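Colleague: Here numbering that gives the first Met the number 0 is used: position 250 in the sequence shown is 249, and no number is missing along the way.
Note that the Cβ used here is the ideal one computed from N, Cα and C, for glycine as well.
Predicted model only: the values in this text are computed from it and were never measured.
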Amino acid sequence: MAKRVQKRAVVQDQKLRKKLFLVACTVLLVKFVLILSIKDGGWLGADGENYLTGLNGLLKSGFASKEPLLNYWPAGYPLLLWMLSFISISKLIYLISFTQSILYFVATAFFVERIRLTRLSKLAMPLAVILGFNPTLSLSSLAVGYESAVASCFLLTTALIIRYQQNQNRKNFYQTLVLVGLIQGISAFMQPRGILLGIIIFILWGLFNGGWKNIATTVVIGSVIVMIFPAVLVVRNVQANNTATISTNLGSTMNGGAGDKATGGYPGRGNTNYGVPCTPKPPATTVSDSRLVGCVISWYLKHPGKTAVLVVKKSVYFWSPWYGPLANGTMARNPWLKIDPIRNIASNQQGHSLVFGPFGKIISWIWFISSLFLLFYGFGWLWRAGGVERQLSVLSGTPILLAWLISVATIGDHRYRLPTMGLSLFLQVCGYFGLRERFSKTQKPLALEPHGRTR
0 MAKRVQKRAV VQDQKLRKKL FLVACTVLLV KFVLILSIKD GGWLGADGEN YLTGLNGLLK
60 SGFASKEPLL NYWPAGYPLL LWMLSFISIS KLIYLISFTQ SILYFVATAF FVERIRLTRL
120 SKLAMPLAVI LGFNPTLSLS SLAVGYESAV ASCFLLTTAL IIRYQQNQNR KNFYQTLVLV
180 GLIQGISAFM QPRGILLGII IFILWGLFNG GWKNIATTVV IGSVIVMIFP AVLVVRNVQA
240 NNTATISTNL GSTMNGGAGD KATGGYPGRG NTNYGVPCTP KPPATTVSDS RLVGCVISWY
300 LKHPGKTAVL VVKKSVYFWS PWYGPLANGT MARNPWLKID PIRNIASNQQ GHSLVFGPFG
360 KIISWIWFIS SLFLLFYGFG WLWRAGGVER QLSVLSGTPI LLAWLISVAT IGDHRYRLPT
420 MGLSLFLQVC GYFGLRERFS KTQKPLALEP HGRTR
C-alpha cells in the first residue's frame, strides 16, 4: 500500500513538472508570435533612446567611443547591444527581444522548478502562471532596457543558491559560486548597483553555511568574479575619457531627489526646483560626481525632518501602481499600459474624474497597501517555516529591500522595482497562500510539513 501511494505521488510530481515546463514554453511561444507581429520586433524602454545613442557611438568609434552618454550612463547595456549588432544591425530590436525573452524563459522555468522541489510545491503552478503572464514584467523582455535581464539574473541567482543548499557538496559549491558570480557580474555590468547587491548575496550565502572560512571563501571568490564585469566599464572610460569611473550619473540622480524643493520624484524637464547647494572643491572649477554625492549626503544629515518626509514620498512612489493617481515614475512606456483597462476608462473626462478622483485614490491606496502587506506576510510565512524556505525568504527579500533603499537614496520611481519584481511576485504569492493557510481549518501549516525530497 505504501509503495502504491509513493508511486502515485511520483507520477503526480512528474505530471506537475511537465505542466510547469509547458506553461513556460507557452509563454515563450506567445512572446515569439508577438515579437514577429509588432513593428521592429519590440519597443523602446524608458531610456531606450539613450542606449541606442550609446550603441551608435560604439558602432562609429568602437569600444573606446567618446560618446558622452557612454560615460554618463553605465555603458554595459549598450556594450551588450553592440555584441548583438555583430549578428545583425537591421534586425537588432528583434534580436534584443528574442534574447531577453529566452533569458526570462530560462530564469522563470528554473526558478519555478526549484520551488517545486521545496515544501512550496503547491505554489509552483500559480507562480509559473503569474511570472509568465504578468504583463509588465514578462513583456518588459520585449523592450530595449536592462530591467528584464536583471530581473532574470536575480531569479537565476536565487534558484542556483537554493539548488546548492538542497544538494550540498564541495564540487557543486565551486561550480555554483562561479555561475552565481558570472550572473551577478552581468547584472552589475548592466546596472552597477548590482555590485552591492551581489556582494550582500554572497555574504548571506556564506552565513547560511556558517563558519568564517565558508563566509570568506564565498564573499571573496564571488566578489572577485562580479567585479570583473564593472572593471571592463572602468577600463573603457579610462580609454575614452581618462576617467576611472563606471559612470558619472550617481550624483545627479541623487541630487534630483534631494533639496528643500524636491518632490522625491523626477523634477521634470525645465524644472530647476530641486537639488542641494554644492560648490567645487578647489582646485577644481566644476562640481564632480563624487563631490555632488557628498553634498547630497551632507544635506540629508543636516535636515532629518525633510529627509524623513522625502523617504516616505520616495517609498510611496517606488511601490506605486503603474497608472493612476498614485503612479509616479518613468513607466509611461510600460507595454501593459497599451491595453490597461483603467487607462482606457480614463480616456474621457468622466472616466478621468473617476480614476483620478476620490474613488480612484481609495482603490490605488488599497492596491498599494495590500501589495505590501502580501509581500511582508509572505516573507514572514517563509521565515517561520525554517530550513531552505527561510533561506528563500532572505534571498528574495534582501534584493527587494536594497532596491527600495537605493530608490530612497536617489529618486522615487516605480520602474526601479522592476528588476526585483520577479522576487516580489514570489513573496506575494507566498503571502496569499500563507493567509489561506492561516484561515483554513483543514490545511496543515507549512512549517509542520515534511521537507520536499531532492529529485
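Determine the DSSP secondary structure at residue 326, reduced to helix, strand or coil.
Modeller: Counting from 1 along the sequence shown, the entry for residue 326 is found at position 327. Coil, per DSSP.
Colleague: Take every Cβ of the stretch 47-62, pair it with every Cβ of the stretch 95-112, and state whether three or more of those distances are shorter than 8 Å.
Modeller: no
Colleague: Please list the terminal residues of the continuous alpha helix (DSSP H) segment that includes residue 351.
Modeller: Residue 351 sits at position 352 when you count from the first residue of the sequence shown. 348-355 is the span of the alpha helix (DSSP H), which, as asked, contains residue 351.
Colleague: Here's the rule I'm using: 16 or more other beta-carbon atoms within 10 Å means buried, otherwise exposed. How should residue 426 be labelled?
Modeller: Translated into positions along the sequence shown, residue 426 becomes position 427. Buried, because 16 or more other Cβ atoms sit within 10 Å of the Cβ of residue 426.
Colleague: Would you grab the beta carbon distance between residue 207 and residue 218 for me? Rounded to a whole angstrom, and I think it's under 8 Å.
Modeller: Against the sequence shown, residue 207 aligns to sequence position 208. Against the sequence shown, residue 218 aligns to sequence position 219. Rounded, the Cβ-Cβ distance is 12 Å, inconsistent with contact.
Colleague: How is residue 223 classed by DSSP in three states: helix, strand or coil?
Modeller: As a position in the sequence shown, residue 223 is number 224, starting the count at 1. DSSP, reduced to helix, strand and coil, places residue 223 within a helical segment of the structure shown.
Colleague: Kindly indicate which three-state DSSP category residue 446 falls into: helix, strand or coil?
Modeller: Along the sequence shown, one-based indexing puts residue 446 at 447. Bear in mind that the predicted position of residue 446 carries a pLDDT of just 49, short of 50, making it unreliable; the figure below should be weighed with that in mind. Residue 446 falls in the helix class under three-state DSSP.
Colleague: Does the beta-carbon distance from residue 95 to residue 83 come in below 9 Å?
Modeller: For the purposes of this step, residue 95 is identified with residue 96 of the sequence shown, where counting begins at 1. For the purposes of this step, residue 83 is identified with residue 84 of the sequence shown, where counting begins at 1. Yes.
Colleague: Around the C-beta of residue 392, are 16 or more other C-beta atoms found within 10 angstroms, so that it is buried, or is it exposed?
Modeller: Position 393 of the sequence shown holds residue 392. The residue is buried, with at least 16 neighbouring Cβ atoms inside 10 Å.
Colleague: Does DSSP classify residue 275 as helix, strand or coil?
Modeller: What you label residue 275 is simply residue 276 of the sequence shown in a count that begins at 1. It is coil, neither helix nor strand.
Colleague: Who are the near neighbours of residue 242 in its chain, counting only those whose CB is closer than 6 Å to its CB and skipping five residues on each side?
Modeller: Counting from one through the sequence shown, the residue named residue 242 turns up at place 243. Within the same chain, Cβ atoms closer than 6 Å to the Cβ of residue 242 are found at 236, the five residues on either side in sequence being excluded.
Colleague: In the DSSP assignment, the alpha helix (DSSP H) including residue 153 goes from what residue to what residue?
Modeller: The residue labelled residue 153 in the question sits at position 154 within the sequence shown. From DSSP, the alpha helix (DSSP H) with residue 153 extends over 146-165.
Colleague: Does the Cβ-Cβ distance between residue 321 and residue 335 come in under 9 Å?
Modeller: By one-based count along the sequence shown, residue 321 stands at place 322. By one-based count along the sequence shown, residue 335 stands at place 336. Contact flag set, yes.
Colleague: When you compare only the Cα positions, how much space is there between residue 115 and residue 265?
Modeller: Here residue 115 corresponds to residue number 116 of the sequence shown, with the count starting at 1. Here residue 265 corresponds to residue number 266 of the sequence shown, with the count starting at 1. Distance between the alpha carbons of residue 115 and residue 265 is about 41 Å.
Colleague: If we ignore side chains and look at the alpha-carbon of each, how far apart do residue 181 and residue 98 end up?
Modeller: The residue labelled residue 181 in the question sits at position 182 within the sequence shown. The residue labelled residue 98 in the question sits at position 99 within the sequence shown. Between residue 181 and residue 98, the alpha-carbon positions lie close to 17 Å from each other.
Colleague: Under a three-way DSSP split, which group does residue 436 fall into?
Modeller: By 1-based counting over the sequence shown, the position of residue 436 is 437. Helix.
Colleague: How big is the Cα-Cα spacing for residue 189 and residue 250?
Modeller: Your numbering for residue 189 matches position 190 in the sequence shown. Your numbering for residue 250 matches position 251 in the sequence shown. Going by C-alpha positions, residue 189 is about 18 Å away from residue 250.
Colleague: Compare the C-alpha of residue 174 against each of 152, 220 and 48 and name the closest.
Modeller: Along the sequence shown, one-based indexing puts residue 174 at 175. Here the closest residue by C-alpha is 220.
Colleague: Between residue 402 and the rest of its own chain, which residues show a CB-CB distance below 7 Å, the 5 nearest in sequence each way excluded?
Modeller: Here residue 402 is taken as the residue at index 403 of the sequence shown, counted from 1. Result list for residue 402: 415, 416, 418 and 419, in chain order.
Colleague: Excluding five sequence neighbours on each side, which residues of the same chain lie with their C-beta closer than 8 Å to the C-beta of residue 39?
Modeller: Residue numbering aside, residue 39 sits at position 40 when the sequence shown is read from its first letter. So the qualifying residues of the chain are 92 and 93.
Colleague: Residues in the same chain with beta-carbon distance under 7 Å from residue 191, minus the five sequence neighbours each way, listed in chain order, please.
Modeller: Your numbering for residue 191 matches position 192 in the sequence shown. Result list for residue 191: 73, 229, 245 and 246, in chain order.
Colleague: Which runs of the alpha helix (DSSP H) spanning at least 4 residues fall entirely within the stretch 385-418, listed in chain order?
Modeller: 386-408
Colleague: For residue 313, which option in 293, 261 and 341 has the closest C-alpha, if you only look at C-alpha atoms?
Modeller: Residue mapping note: residue 313 aligns to position 314 of the sequence shown, counting from 1. It is 261.
Colleague: Quick check on the burial criterion: 16 or more other C-beta atoms within 10 angstroms. Buried or exposed for residue 361?
Modeller: Residue numbering aside, residue 361 sits at position 362 when the sequence shown is read from its first letter. Looking at its Cβ environment, which holds fewer than 16 other Cβ atoms inside 10 Å, residue 361 is exposed.
Colleague: When the Cα atoms are used, what is the spatial distance from residue 179 to residue 290?
Modeller: As a working mapping, residue 179 is identified with position 180 in the sequence shown. As a working mapping, residue 290 is identified with position 291 in the sequence shown. Rounded to the nearest angstrom, the two C-alpha atoms are 34 Å apart.
Colleague: In this structure, what does DSSP give as the bridge partners for residue 308?
Modeller: Translated into the one-based positions of the sequence shown, residue 308 becomes position 309. Residue 308 pairs with nothing; no bridge assigned.
Colleague: Under 8 Å by Cβ, that's how I've got residue 85 and residue 154 pegged, so tell me the actual separation to the nearest angstrom.
Modeller: Against the sequence shown, residue 85 aligns to sequence position 86. Against the sequence shown, residue 154 aligns to sequence position 155. Distance from residue 85 to residue 154 at the Cβ level is roughly 28 Å; contact not present, criterion being Cβ atoms closer than 8 Å.
Colleague: Relative to the C-alpha of residue 369, which residue among 354, 340, 423 and 343 is closest?
Modeller: Stepping through the sequence shown from its first residue, residue 369 is reached at position 370. Residue 423 is the option with its Cα nearest to residue 369.
Colleague: Compute the distance between the beta-carbons of residue 142 and residue 43, then report whether it is under 9 Å.
Modeller: What you label residue 142 is simply residue 143 of the sequence shown in a count that begins at 1. What you label residue 43 is simply residue 44 of the sequence shown in a count that begins at 1. Yes, the Cβ-Cβ distance between residue 142 and residue 43 is below 9 Å.
Colleague: Measure from the C-beta of residue 204 to each C-beta in chain B and report whether the shortest distance is under 9 Å.
Modeller: This model lacks chain B altogether, as it is built from one protein chain only.
Colleague: Inspect the beta-carbon positions of residue 374 and residue 430 and report whether they are closer than 9 Å.
Modeller: Within the sequence shown, numbered from 1, the residue matching residue 374 stands at position 375. Within the sequence shown, numbered from 1, the residue matching residue 430 stands at position 431. Yes, the Cβ-Cβ distance between residue 374 and residue 430 is below 9 Å.
Colleague: Quick check: the stretch 58-78 against the stretch 351-366, are at least 3 beta-carbon pairs closer than 8 Å?
Modeller: Cβ pair count under 8 Å is below three, so no.
Colleague: In angstroms, rounded to a whole number, what distance separates the CA positions of residue 239 and residue 13?
Modeller: Reading the sequence shown from its first residue, position 240 is the one you call residue 239. Reading the sequence shown from its first residue, position 14 is the one you call residue 13. When rounded, the distance between both Cα atoms is 54 Å.
Colleague: Between the C-alpha atoms of residue 380 and residue 428, what's the straight-line distance to the nearest angstrom?
Modeller: On the sequence shown, position 381 is the one that residue 380 refers to. On the sequence shown, position 429 is the one that residue 428 refers to. Going from the Cα of residue 380 to the Cα of residue 428 covers about 11 Å.
Colleague: So, using beta-carbon positions, are residue 150 and residue 421 closer together than 9 Å?
Modeller: Looking up residue 150 in the sequence shown gives position 151. Looking up residue 421 in the sequence shown gives position 422. Yes. Within cutoff.
Colleague: Does residue 195 pass the burial test, meaning 16 or more other C-beta atoms within 10 Å, or should it be called exposed?
Modeller: As a working mapping, residue 195 is identified with position 196 in the sequence shown. Exposed, by the Cβ-count rule.
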